[in-house]
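Have a look at the structure below before the remarks.
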Amino acid sequence: METKDNRWLRVTVLPGCVGCRTVAVLESWTVRDLKERILAETGFPVSEQRLWLGDRELSDWIKFGDLTFKNRLFVKLQSKGLKGGGRFGQTTPPLVDFLKDILRRYPEGGQILKELIQNAEDAGATEVKFLYDETQYGTETLWSKDMAQYQGAALYVYNNAVFTPEDWHGIQEIARSRKKDDPLKVGRFGIGFNSVYHITDVPCIFSGDQIGMLDPHQTLFGPHESGQCWNLKDDSKEISELSDQFAPFIGIFGSTKETFINGSFPGTFFRFPLRLQPSQLSSNLYNKQKVLELFDSFRADADTVLLFLKSVQDVSLHVREADGAEKLVFRVTASEDKALKQERPHSVKVLGTAISNYCKKIPSDSITCVTYHINIALEDESAKDRQQTSWLVCNSVGGRGISGKLDSLADELKFVPIIGIAMCLSGGGDEEKGAVSDFAGKAFCFLPLPPGEESQTGLPVHVSGFFGLTDNRRSIKWRELDQWRDPAAVWNESLVRDVVPKAYATLIFDSIRRLEAQRGADAPLSVDAVYRLWPDVSRVRARWRPALQPLFADLLQGAVLRALGGRWVRLEQARFSDLDERSERARAVLGYLRGAGEQVVRVPAHLAAAVQLAAPSDRPPRTVTPAWVRQVLRKAAPQGGAAEKLHLLDFVLSDRAYSELLGLELLPLQNGSFAPFSSSVSDQDVVYITSEDYPRSLFPGLEGKLILDNLKPHLLAALKEAAQTRAQHLLWGYSGMVTD
1 METKDNRWLR VTVLPGCVGC RTVAVLESWT VRDLKERILA ETGFPVSEQR LWLGDRELSD
61 WIKFGDLTFK NRLFVKLQSK GLKGGGRFGQ TTPPLVDFLK DILRRYPEGG QILKELIQNA
121 EDAGATEVKF LYDETQYGTE TLWSKDMAQY QGAALYVYNN AVFTPEDWHG IQEIARSRKK
181 DDPLKVGRFG IGFNSVYHIT DVPCIFSGDQ IGMLDPHQTL FGPHESGQCW NLKDDSKEIS
241 ELSDQFAPFI GIFGSTKETF INGSFPGTFF RFPLRLQPSQ LSSNLYNKQK VLELFDSFRA
301 DADTVLLFLK SVQDVSLHVR EADGAEKLVF RVTASEDKAL KQERPHSVKV LGTAISNYCK
361 KIPSDSITCV TYHINIALED ESAKDRQQTS WLVCNSVGGR GISGKLDSLA DELKFVPIIG
421 IAMCLSGGGD EEKGAVSDFA GKAFCFLPLP PGEESQTGLP VHVSGFFGLT DNRRSIKWRE
481 LDQWRDPAAV WNESLVRDVV PKAYATLIFD SIRRLEAQRG ADAPLSVDAV YRLWPDVSRV
541 RARWRPALQP LFADLLQGAV LRALGGRWVR LEQARFSDLD ERSERARAVL GYLRGAGEQV
601 VRVPAHLAAA VQLAAPSDRP PRTVTPAWVR QVLRKAAPQG GAAEKLHLLD FVLSDRAYSE
661 LLGLELLPLQ NGSFAPFSSS VSDQDVVYIT SEDYPRSLFP GLEGKLILDN LKPHLLAALK
721 EAAQTRAQHL LWGYSGMVTD
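Under the UniProt record's numbering, think of the first position of the sequence shown as 1, with each following residue one higher.
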């Protein structure tokens with residue numbers, strides 16, 4: 001039970017040397033106690049403070065309980081000055097001007113909704129709902145008649161987490177985000193939430209046991225008051241008396257009259273009454289059409305909104321008509337396959353531990369990487385079927401110690417070296433397995449950055465990171481001539497160079513592991529999909545190229561090349577083939593090499609270029625050549641039929657290195673057998689080439705000594721050229737007696 005001396009009062013210190021602020025005081029407090037409080041909050045010396053009530057300066061020992069006022073007192077703070085003179089010092093701009101500057105720099109559109117999703121993610125919410133409500137609420141019992149204009153159409157935003165005391169404080173501090181001191185929060189910028197002033201003049205918040213309303217114009221709740229807050233229990237009488245004022249908070253998102261009686265709502269929702277007439281803050285008016293355009297703007301990249309978030313897994317957009325009928329406009333959800341149900345939660349837990357360890361400065365010389373599969377489903381009112389995309393995501397956290405420069409910047413900026421890489425396994429209607437062809441990778445700062453050139457990376461994956469962004473959060477900061485030493489820009493370049501390669505390489509290694517483990521024709525990965533993960537050097541944007549060399553170097557340390565026999569091999573084990581497999585000769589040569597146990601790989605041109613760029617000088621990539629095939633033939637005789645041997649002969653003759661044919665049993669004879677190329681000149685080793693002048697009919701019974709006479713013309717010409725490469729017409733058993 002409250003006594004006279006322990007009753008709490010509100011004292012508002014009007015703008016002066018420390019700006020406008022409201023302080024809760026006990027009736028037993030003295031003016032001196034309030035000055036001590038101002039000192040603690042602002043550093044403004046007690047000896048320099050002068051508090052005035054009207055035209056009366058208040059003595060230090062006056063108790064607030066002795067002053068005549070109800071629950072709120074307005075006092076004015078002045079400074080005694082340097083020598084007893086007037087006020088001196090810099091001041092902040094009026095609140096409205098400050099917010100107008102934010103709106104000028106901050107984008108209108110779907111990015112506003114993303115910021116609100118980000119706030120929900122920070123709070124640990126799993127669900128977010130946006131609702132455009134056309135309901136017109138009563139205007140009889142309001143705080144003031146000026147509130148009537150805010151009782152109509154509004155945009156609501158719900159999430160299933162409850163505000164903490166820090167959240168309530170933070171939403172009131174527009175010039176300094178509390179999130180910036182907590183690197184574990186995604187959102188770090190105070191301007192994020194304040195982008196809602198594009199839509200409204202009076203943002204309202206209902207969370208837990210409190211309802212708050214913000215009024216940057218400071219006209220609704222009293223002089224110099226920028227908002228008002230009610231506690232469901234402590235202020236239940238006033239809430240009951242102002243029933244129309246609080247009607248918009250009942251009958252929505254599960255909030256009922258019982259919720260108010262019980263004194264707590266198990267979640268949070270914002271209500272943004274649409275701006276219907278120009279205000280000092282903005283002349284931007286909103287109606288149903290503009291809200292739906294806002295929804296459409298968000299929908300443009302909604303399929304990736306949940307991709308790198310750890311908590312939020314369900315976002316939906318709704319419309320409630322004036323008659324109360326509600327319909328779903330759009331919904332996006334994230335889920336796991338049944339067989340991999342625990343993979344993502346476990347990965348998020350591991351990642352959380354790594355982030356926590358980094359913030360606690362626990363040394364680690366490695367980068368923690370976790371990979372998981374995720375499905376993103378889109379449900380649209382205009383589409384009968386749900387569209388689903390499947391993704392493989394690798395998230396990583398740099399260890400405290402992998403880079404002193406990175407650690408130093410992290411401490412200065414309150415950042416954490418987090419990088420995520422995501423590959424699209426399948427699109428909505430794509431039948432192709434694995435990474436989508438011609439995929440245009442974009443940059444994220446946990447949520448997608450606004451579409452445009454600046455968000456394009458040229459990589460075949462999406463990249464998310466704890467990046468430093470420009471003030472309007474539209475793009476990543478990079479070093480320019482006029483900001484060469486900008487810490488956030490230097491940080492971003494360090495992330496790209498030091499953390500992106502490891503996360504990217506881990507994604508590729510894990511893709512290979514999953515490909516080898518998967519079974520069945522409906523498996524989501526393929527060899528081509530893994531190869532498409534490799535960046536095409538010619539397409540990568542300049543800002544992201546520093547990641548390529550370390551990425552390729554890391555990849556070439558492992559078995560990342562698929563041999564024709566199905567085995568994944570390292571660079572030093574591989575022979576690269578650029579043979580055109582549409583030709584029978586190429587298929588025969590590759591089939592023979594595969595049968596001989598050789599690790600022949602065939603890769604796309606962009607991957608071959610990457611290998612060429614990154615291969616160590618002492619381990620250059622080796623290719624399939626006639627010379628190498630001749631070496632293999634000496635170790636392993638072909639096991640196929642005559643057709644295969646003829647194709648092999650064709651290939652090993654193609655470089656015209658005839659002196660290296662010795663010993664290869666590839667000379668095709670008329671009797672269907674094959675003889676070895678020999679340097680012997682004895683009659684028993686001689687093989688003859690027939691001609692028009694010396695047809696086969698002149699040599700009955702010598703089919704075992706005659707070259708097959710129906711060889712392709714270019715093969716026969718090559719053999720004749722081989723026979724004539726020495727001054728003597730005796731070479732490898734060919735007889736010079738037989739000519740054209």
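Ideal Cβ placement from N, Cα and C applies to all residues, glycine included. Source: prediction; values computed, not measured.
> For the ligand SAH, is there a heavy atom less than 7 Å away from the beta-carbon of T470?
Replying inline: You won't find the ligand SAH in this model; it holds no ligand whatsoever.
Could you say if the stretch 668 to 680 and the stretch 615 to 628 meet the contact criterion of at least three C-beta pairs nearer than 8 Å?
no
Determine the direct distance from the alpha carbon of L77 to that of K63, and round the result to whole angstroms. 17 Å
*asked:* Please classify R188 as buried or exposed, where buried requires at least 16 neighbouring CB atoms within 10 angstroms.
replied: In this predicted model, R188 has a pLDDT of only 37, less than 50, meaning its place in the structure is not dependable; the value taken from the coordinates is given anyway. R188 comes out buried.
- DSSP three-state call for R594: helix, strand or coil? helix
query = Leaving out five residues before and five after A247 in sequence, what residues of the same chain have Cβ atoms less than 7 Å from its Cβ?
reply = Y137 and G138
- Task: Give me the Cβ distance between L309 and E121, rounded to the nearest whole Å; I'm assuming they're in contact under 8 Å.
- Result: 5 Å
Q.
Contact between the stretch 480 to 489 and the stretch 558 to 566 is defined here as three or more beta-carbon pairs at a separation below 8 Å; is this criterion met?
A. no
Alpha carbon to alpha carbon, how far is D411 from S526? Give it in angstroms, no decimals. 42 Å
To which residues of the same chain is T371 closer than 6 Å at the C-beta, ignoring the five residues directly before and after it?
C394 and D510
Counted within 10 angstroms of its Cβ, other Cβ atoms place D578 as buried (16 or more) or exposed = exposed
Taking its Cβ as the centre, do 16 or more other Cβ atoms sit within 10 Å of Q631, making it buried, or is it exposed? exposed
Query raised in the report: Cβ of V397 within 8 Å of Cβ of I421?
Result: no
What does a CB cutoff of less than 6 Å around A334 pick up in its chain, not counting 5 residues either side in sequence? L306, Q313, I374 and I376
Note down the Cα distance separating Y150 from L378, rounded to an integer number of angstroms. 33 Å
Residue range of the beta strand (DSSP E) that E166 falls in? Per DSSP, E166 belongs to no beta strand (DSSP E); it is in the alpha helix (DSSP H), P165 to G170.
What's the call for E644, buried or exposed, on a 16-neighbour Cβ count within 10 Å? buried
What would DSSP say about D650, mapped onto helix, strand or coil? helix
**Presumed contact (8 Å Cβ cut-off) between F330 and A302, rounded CB distance** = 7 Å
Could you say if the stretch 162 to 174 and the stretch 320 to 329 meet the contact criterion of at least three C-beta pairs nearer than 8 Å? no
Q: Would you give the residue range spanned by the beta strand (DSSP E) that S396 belongs to?
A: Q387 to V397
Problem - Cβ neighbours of Y592 in the same chain (closer than 7 Å, five flanking residues each side left out) - result: P638, G640, E644 and L648
The alpha helix (DSSP H) enclosing R295, as first and last residue numbers: The amino acid occupying residue 295 in the given sequence is Phe; Arg does not appear at that position. Here the alpha helix (DSSP H) through F295 covers K288 to R299.
query = Hey, how far is the Cα of G352 from the Cα of R386?
reply = 32 Å
Whole-angstrom distance between L653 and V537, CA atom to CA atom: 35 Å
*Please classify N710: is it buried, with 16 or more other beta-carbons within 10 angstroms of its beta-carbon, or exposed?*
exposed
| query | CA-CA distance, R541 and A443? | reply | 11 Å
(request) Spatial neighbours of L555 within its chain, please: CB distance less than 7 Å, with the 5 preceding and 5 following residues excluded, ordered by chain position. (result) A505 and I508
- request: Compute the Euclidean distance between the alpha carbons of L425 and F272, then round it to the nearest angstrom.
  value: 38 Å
Problem set entry | Any 3 or more C-beta pairs closer than 8 Å across the stretch 279 to 297 and the stretch 194 to 209 | yes
Span separating the alpha-carbon of L274 from that of D528 = 50 Å
Where does N472 fall in DSSP's three states?
coil
For the beta strand (DSSP E) containing G212, name the first residue and the last one. Q210 to L214
If you draw a straight line from the alpha carbon of Q118 to that of E480, how long is it in whole angstroms? 29 Å
**Prompt:** Under 8 Å, do F446 and S475 count as touching if we go by C-beta distance?
**Reply:** no
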